[in-house]
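Contents: one structure, followed by commentary.
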Amino acid sequence: MTTRLLPWLFVLVMAVGPLWLGDQYILYVLTSTGIFIIGAMSLNLLLGYTGQLSLGHIAFFGIGAYTSALLSLGFDLDLGGAEPFVLGPQPVWVAFLGGILVAALFGFLIGKLAFRVRGAYFVIVTISFAQVMRMVALNWVDLTEGPMALNNIPPLSVWLPWDGVIPLYRKEYNYLLVLAVAVVCFLVIQRLVQSRVGRALVALRENESLARSVGIDVTRYLVVATVIAAGMAGAAGGLYTHYIRIVDPDVFMFIYTVTMVIMVVTGGKGTLAGPIVGGLAFGILPEVLREVARPEVQWIIYGVAMIVVVFFLPQGIVPAVKNWFAGRRKRVAATALGLRKETSA
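The sequence shown maps to residues 78 to 422 in the numbering used here.
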């Protein structure tokens, strides 16, 4: 079996295995984890391939969630004119795509502003952006309902030839939908990083000054990466809001960005599979520990596991596994070469 088939085999196992088990709690955990893995994959595009640490990435997730929720519910907006602007409920897929577009638009605006600075200043700008979005969601009560949250958000729906249009209330359908969106995001990132744009992103990550000297428009490529990453984070937010069917300002909490960073770093930043492996490991681990340990012990074990991975596998799980297999192949080849020399002698 070639290595090219391994990702598709993994997708097949993930598509069939949990459905075969039929456990509703496992489906819920995997669906929630899958949504954050999509967010982690989008963050990896910035953190792993451009080297820019965005600690406000959850803002794009929240913007996608709120936009998709508001468009699907409908809203009225007082713009100071004689009559408020009123928009009726839109089809859920139109709302979902609207969330992606609005998140990408904010990615463009923040990219144009934030990439004028680097290092700690960039981190501060991105954190501030996420906090501003949270305060807007908390205080713009007429639009977002503030801390009371937007409720009764309709689920996404699909058309089936034998059943017509059906809303995705069942966990099995939501699980498969999240898996499908994750596959699409993976393929988009794979094509991007293997293209000329991807090579430019890696070049500016390795040495920005050298990249500028050979004619790479650094700001332009960083903004492109931010727009794509923000759109994917918005898609994850839209999946979240139509799956949970409620959204409040806590969706902008800093801990969610930290969770995505942990998934990327422990799995292996700058690798395609890293956020998926890290996401599965540290997304499912809290749920596993919940069954066997008290809450305070759960978080101690979670923190120790994360420190152990970072300490012993500083490049992440995926690069460590790749290096181990590469070393094994070299040892096998060296042994075979030695045997041939002994035989010929």
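Using N, Cα and C, we set each Cβ at its ideal position, and we do this for glycine too. Because the structure is a prediction, the values reported are computed rather than measured.
- According to the DSSP assignment, residue 95 belongs to no beta strand (DSSP E) but to the alpha helix (DSSP H) extending over 82-98.
- For the stretch 187-263, the full-length beta strand (DSSP E) segments reaching 3 residues or more read 234-237, 241-244 along the chain.
- Secondary structure of residue 106 (DSSP, three-state): helix.
- The C-alpha of residue 293 is placed about 32 Å away from the C-alpha of residue 139.
- Minimum Cα-Cα distance from residue 236 among the listed residues 169, 275, 210, 320 corresponds to 169.
- A direct Cα-to-Cα measurement between residue 120 and residue 341 gives close to 8 Å.
- Here the stretch 250-259 makes contact with the stretch 94-108; the two share three or more CB pairs at distances below 8 Å.
- A direct Cα-Cα distance of roughly 12 Å separates residue 376 from residue 369.
- Between the alpha carbons of residue 106 and residue 414 lies a distance of about 49 Å.
- Of the residues 127, 150, 128, 83, the one whose Cα lies closest to the Cα of residue 324 is 150.
- Nearest C-alpha to residue 204 among 406, 113, 131, 308: 131.
- Within the stretch 292-376, the complete alpha helix (DSSP H) segments at least 4 residues long are 295-321, 331-344, 351-367, listed from N- to C-terminus.
- In summary, residue 108 is buried, with 16 or more beta-carbon neighbours lying within 10 Å of its beta-carbon over all protein chains present.
- Looking at the DSSP output, residue 162 bridges to 154.
- In this structure, residue 164 sits away from residue 173, with a CB-CB distance that is not shorter than 8 Å.
- Membership of residue 275 in the alpha helix (DSSP H) is indicated by the continuous run 273-283.
- One alpha carbon belongs to residue 347, the other to residue 276, and they sit about 12 Å apart.
- By the criterion of a C-beta distance shorter than 7 Å, residue 295 is surrounded in its chain by 281, 285, 288, 289, once the five residues flanking it on both sides are discounted.
- Judged by DSSP secondary structure, residue 127 falls outside any alpha helix (DSSP H); it is assigned neither H nor E.
- When C-alpha distances from residue 179 are compared across 396, 141, 274, the shortest belongs to 141.
- Using a Cβ distance threshold of 8 Å, residue 233 and residue 92 do not count as a contacting pair.
- Taking 8 Å as the cut-off, the beta carbon of residue 115 is found no closer than this to the beta carbon of residue 335.
- In this structure, the beta-carbon distance from residue 329 to residue 214 falls below 8 Å.
- Taking 8 Å as the cut-off, the beta carbon of residue 266 is found closer than this to the beta carbon of residue 349.
- Straight-line measurement puts the Cα of residue 416 at about 47 Å from the Cα of residue 261.
- The criterion of a C-beta distance shorter than 8 Å is satisfied by residue 359 and residue 383.
- The beta-carbon distance between residue 206 and residue 136, rounded to whole angstroms, is 5 Å. This is short enough to meet the 8 Å contact definition.
- Counting along the chain, the unbroken alpha helix (DSSP H) around residue 416 starts and ends at 394-421.
- Judged by their CB atoms, residue 230 and residue 318 are nearer to each other than the 8 Å cut-off.
- Judged by their CB atoms, residue 313 and residue 183 are not nearer to each other than the 8 Å cut-off.
- Distance from the CA of residue 333 to the CA of residue 412, rounded to the nearest whole angstrom, comes to 48 Å.
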